[in-house]
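Written out below as structure tokens is the structure these notes cover.
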Amino acid sequence: MSKKQAKPKKSFKPSDRKQAKLTESSLRKFSEIIDQTIKLTNVEVGDQKNAKDRLKNLMITRVKKDYLSLTQHTYLLSIEAKSHEDWFKNQANYIFWLELFTYLQSHKIKCEYRINFYKELFDYLIKLDDENLFYLINKEILKKDKYHIPKIIYKTDFINYFKLPRNIFEKSKVDIVEC
Amino acid sequence: MNNKLDLEVFKSRCACLTEILSSYREGLLLLESCDLKDFHNTYMTDEFMRELKALCEGIYSYLNINKSKTQYKSILGSSSVCILYKNVEDSDIINKEKQLSINQNILKIFNIVNFLIGLMSNIRNSQNKIERLNYNFYLILKMMGKSFKDFIFEVLPIVSQYFNNLIEFDHTAKTIKEFNTYAKAQNVDVTEFCKGLDVNVSENIIKALTRYLDEYRIAVEDIFYHNNVRIKKTDQIDNIEDLDVDPQTYNNPPLVTESHSDYSDDKYSIDDEVDEDKILKQYDYNLNEDTRRLAPFVSHQKLNRHIDRAQQPTVSNTYYLDVPFLKIVNQVLHEQLHENKDMIESAKASCCLMSIFTGQSAVIFQDINRLLRTKQLKRDSNRAYYLWVVDANVNKNLKGQIAKKDNKYNEHTTWEFQIPAMWVDRIREANLSNLTHVDFEESLSEWFYNRRIGPISVTSLALQLSFHLKRICNDDLKKNFLIGRQISHQADLSYGGFSYKQLNDSFDQYVWLWFQGKNDVNALDRPQFIQKDDKARVGSQLVWTFSHAKQFINTLNEKVIQVLKEEQDIAEKFNAFSVWVWFCCLLSSGARPVVGASSVIQNYDFITNIMYIHDKHSRSRQHGRYSPLIDFVVNELKHYDEFIKKINALDLSNTVEDNIYYLSYWKKGSEFMSFTLEPLTQKHIAFYLSEKFPEIDELYPNWTRHFVRNFLELPDAIFKSWYAHDQQNQIGFSKYSSLQPYTYMIEIQDAVNQLFKRLGLKSVVSQS
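As you go down the protein sequences, you meet chains X and C in turn.
If you're matching positions, the first sequence starts at 1 in our numbering and goes up one per residue.
If you're matching positions, the second sequence starts at 1001 in our numbering and goes up one per residue.
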């Protein structure tokens, strides 16, 4: 084996601050979704910034914890071949969705905007077209503790999880949401 | 000496100066820009000047020694006047004169700077700018005193001229670009002059001076262009008494300026976007013998006044003929037509008869072929009679929904009546040419010799139509239409519509004024009318029939109720509600479809239920008008506002600018859950209707105004004010107007309520 093909040396473990920074930068592309989610859940205007920070910190802490343990919750399977940056990027990517789903279960979106929000959220998710992500969302959230974990997200699971009107994705009039 | 001055005395002096300056600025603002030049001569007494100077001296020298100057920027500029102000009493005569002129120039600059500061203080968040202006003033004066010490006498007039030019520039007529070019050129003039002096001034000083002067250009630009402050220039208005509008409107410009109007997407030009106040009456001097002869020698203003007086529809008008005389005139003319053996004379009588019934001068009928060519006169197919065509002058090439069959309320664009063929044939046979008023009047005086009905002239014959219709027709609009010649520009004619039958009836009454009765020997030889069915109407082609419009509005009404009740998509709900309120606003105010349907939040007063509308695109109207609101619309608007507040749309949207309108349109953004609220325009309405009502073709954006004009039962005078069709000297509630605010309000409210009741509209909120 030539020297060039030799495995790169494993980098040192990034510092705590660096970990947080890496995760945060990966979460940046979702900032619009986080912003809108916080705005549309019934959070008071003065408290919105704190709520946003709380949610972000929740995600960052979880990524960091996973990094420490590298357990079955480490979603990037072939960790060996990638750099730390990649690992954090991917982990944050998955954790974001899992945390968002959990958050949305406990925080209700404002009644008037609920239908638009979930429709757009579903569209956004589907457009990502990421089988791994869908698998993990199903495994951790939508089909938790089930035997068969599909690699696509079914509308029915989505509807059931968020307790949405049955016909939300149909073109006809949507049932009235109870506020 | 002043370094011992204690702080409290200094502070009280500063407060005193600030107070003096602010009241002085207020005084300046009242005087307007044109008087600024010689302002100090009248306003500032010697005593006041001395007092001010002493005060400034005290403050300035204290500042110089004890305080950092920047802390007192707001008074520094004015207090530094004393740098240059020297006591002139003791100096010798030549110096005294020089010093006086220097002082005068300083005062000139002082006035203009304070005038600008006064204007600036009316603008929000301008504190920093005011300080800058003050500080710059100080810098300029300091520079004058230091760098141009020996040449102040030459330099100051140039600088003061610069300031004067900035203010005197015609800001209303010229664009911002023109102003900037002009001001910069003036700036260069000043600096060039300074360079040309013998004194050695460094490049830096010149640069600094350019910068200081430029600050004032920016200030003027800010005040006059960006903040739209309009200043009355006395040379534009001769006498304040001649103003028909409250002079206050010039000082406080209306809330909405033309920049808020949006006709940009309008394919048709909006029907009445003509400048009523600028388009002058069309005076035809040839129609009146006196004016025709005098036209080359007498000023047009005088001739216009003469024509105005001649056309004044009063019985005391010398041209007016009372009803009994009309019968005699008609009889004589008929006699001449039938019995005069001279063909030319007979044809002249025929011309006069035509003139009586068409309101045109008899002279023009000699060239009958021209009238046939211009289609003013048409030959009927069976050749039994000719048709005189009165054209409503309306848009005939209309497309879209209203143009469809049976959708137009006013089917006809012209109204016609029959003229006996014999009259026209006689003129053609006689082959008249080159006859003048004088020829006609010679014949007239011959025919009416010894009849004892006073002088009959070409003019008097032509004017009878207008005189007598004035009394027959209950509204001006119909009269002006029947006369067929717009005496002055009448925007409302393009909106109006008339029943064909009623036009016939009114004109019939006029025709019979000229005959003894049904048994008159000549009664068969008179203009006759084309009988149309009762529904036939002439007028604006943009009026949708009531039933079709009602059907559309009701469908929209039902749809919006349903959407608000059942639809879950917030954007759909929002836009449906906006479109509904748009139509409510337009139908209740008859306003033009400008941005936000004129729903500027500040312009609504729900205590008196009056709103202020300013929807005219042209610059003719600097001021808008008041329109009463009806309860139904107020409720819908309030519910709409509550709806927006409930869903917190204003905070959640990405709208950057302050929302000044009630009505907005929800536009989805590209990012997750992002949206903007745009002021609602006719483009949005057209888009919404094309999506939700595909069965309806494009609707003319201004159709509501035409619709309201035709289906609202209101006196003509009220319509004129309400639609802003009044001319400058007839504006409702002005000093010549007898329109009562209470009547105006109640009549409009009643009529609009009636219309809404007829349309069967339901509130969209109470239903959902």
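We put the CB at the ideal spot given by N, CA and C, even for glycine.
From residue i to residue j, what does the alpha carbon distance come to, in whole angstroms?
i, j, result
"K1667 (chain C)", "E1558 (chain C)", "23 Å"
"T1655 (chain C)", "Y1495 (chain C)", "37 Å"
"S1738 (chain C)", "A1717 (chain C)", "10 Å"
"R1132 (chain C)", "N1095 (chain C)", "33 Å"
"N1410 (chain C)", "L1303 (chain C)", "38 Å"
"S1664 (chain C)", "V1595 (chain C)", "9 Å"
"K56 (chain X)", "F101 (chain X)", "13 Å"
"I115 (chain X)", "I141 (chain X)", "21 Å"
"N1519 (chain C)", "Y1736 (chain C)", "46 Å"
"V1438 (chain C)", "R1293 (chain C)", "10 Å"
"F1498 (chain C)", "D1475 (chain C)", "11 Å"
"H84 (chain X)", "V63 (chain X)", "12 Å"
"L1699 (chain C)", "F162 (chain X)", "43 Å"
"L1353 (chain C)", "V1543 (chain C)", "36 Å"
"Y1640 (chain C)", "S1599 (chain C)", "12 Å"
"I149 (chain X)", "I33 (chain X)", "26 Å"
"I1553 (chain C)", "L1761 (chain C)", "8 Å"
"H1684 (chain C)", "K119 (chain X)", "24 Å"
"F30 (chain X)", "Y103 (chain X)", "15 Å"
"L98 (chain X)", "D1697 (chain C)", "49 Å"
"F169 (chain X)", "K1646 (chain C)", "25 Å"
My output table needs one value for residue i: the three-state DSSP class, helix, strand or coil.
i, result
"I1419 (chain C)", "strand"
"P1628 (chain C)", "strand"
"K163 (chain X)", "coil"
"P1679 (chain C)", "strand"
"G1539 (chain C)", "strand"
"S1598 (chain C)", "helix"
"S1499 (chain C)", "strand"
"G1664 (chain C)", "Per the sequence shown, residue 1664 (chain C) should be read as Ser rather than Gly. Here S1664 (chain C) sits in strand by DSSP."
"D1605 (chain C)", "strand"
"Y154 (chain X)", "coil"
"L1387 (chain C)", "strand"
"T1414 (chain C)", "strand"
"T41 (chain X)", "strand"
"K1408 (chain C)", "strand"
"I1731 (chain C)", "coil"
"I149 (chain X)", "coil"
"M1611 (chain C)", "strand"
Identify, in the order they occur along the chain, each residue of the same chain with its Cβ nearer than 6 Å to the Cβ of residue i, setting aside the five sequence neighbours on each side.
i, result
"M1611 (chain C)", "N1603, Y1604, S1627 and L1629"
"C1584 (chain C)", "V1633 and E1636"
"Q1528 (chain C)", "Q1418"
"E1567 (chain C)", "K1573"
"R1217 (chain C)", "A1183"
In chain order, what residues of the same chain have a beta carbon less than 7 Å from the beta carbon of residue i, not counting five sequence neighbours either side?
i, result
"Y1688 (chain C)", "N1575 and V1579"
"L1371 (chain C)", "L1377"
"S1443 (chain C)", "E1345 and K1348"
"P1741 (chain C)", "F1733"
"K1174 (chain C)", "none"
Under 8 Å Cβ to Cβ from residue i, same chain only, skipping five residues before and after it: list those, please.
i, result
"L1650 (chain C)", "I1644, N1659 and L1677"
"I126 (chain X)", "I153"
"A1571 (chain C)", "W1666, K1668 and F1675"
Exercise. Is it true that the region 1399-1410 of chain C meets the region 1505-1513 of chain C, where meeting means three or more beta-carbon pairs spaced less than 8 Å apart?
Worked result: no
Exercise. Using 8 Å as the threshold, is the region 1105-1119 of chain C in touch with the region 1157-1171 of chain C, meaning 3 or more CB pairs across them?
Worked result: yes
For this session: Say whether the region 82-94 of chain X touches the region 33-53 of chain X, bearing in mind that this needs 3 or more beta-carbon pairs closer than 8 Å, one atom from each stretch.
Result: no
Exercise. Quick one, which residues of the region 1649-1672 of chain C are near chain D if we go by CB-CB under 8 Å, in chain order?
Worked result: This model lacks chain D altogether, as its protein chains are X and C.
Exercise. Whole beta strand (DSSP E) runs in the region 1351-1381 of chain C with 3 or more residues, listed along the chain?
Worked result: 1377-1379
Exercise. Using 8 Å as the threshold, is the region 1705-1725 of chain C in touch with the region 1420-1436 of chain C, meaning 3 or more CB pairs across them?
Worked result: no
For this session: Please list the segments of the beta strand (DSSP E) lying wholly inside the region 1512-1583 of chain C, counting only runs of 3 or more residues, in order along the chain.
Result: 1537-1539
For this session: At 4 residues or longer, and completely inside the region 68-142 of chain X: list those alpha helix (DSSP H) runs for me, N to C.
Result: 84-106, 114-128 and 131-137
Exercise. Below 8 Å, can you find three or more Cβ-Cβ pairs linking the region 1382-1393 of chain C to the region 1455-1471 of chain C?
Worked result: no
For this session: For the region 1683-1714 of chain C, list the alpha helix (DSSP H) runs that are entirely contained and at least 4 residues long, ordered along the chain.
Result: 1703-1711
For this session: Evaluate contact between the region 1129-1143 of chain C and the region 1170-1183 of chain C, counting only Cβ atoms and requiring at least three cross-stretch pairs below 8 Å.
Result: no
Exercise. Counting pairs of Cβ atoms below 8 Å between the region 1148-1162 of chain C and the region 1188-1195 of chain C, do you hit three or more?
Worked result: yes
For this session: Output the residue ranges of the alpha helix (DSSP H) runs that lie fully inside the region 1145-1198 of chain C and measure 4 residues or longer, sorted by chain position.
Result: 1152-1168 and 1176-1196
Problem set entry | 3 or more residues per run - each beta strand (DSSP E) lying fully within the region 1283-1340 of chain C | none
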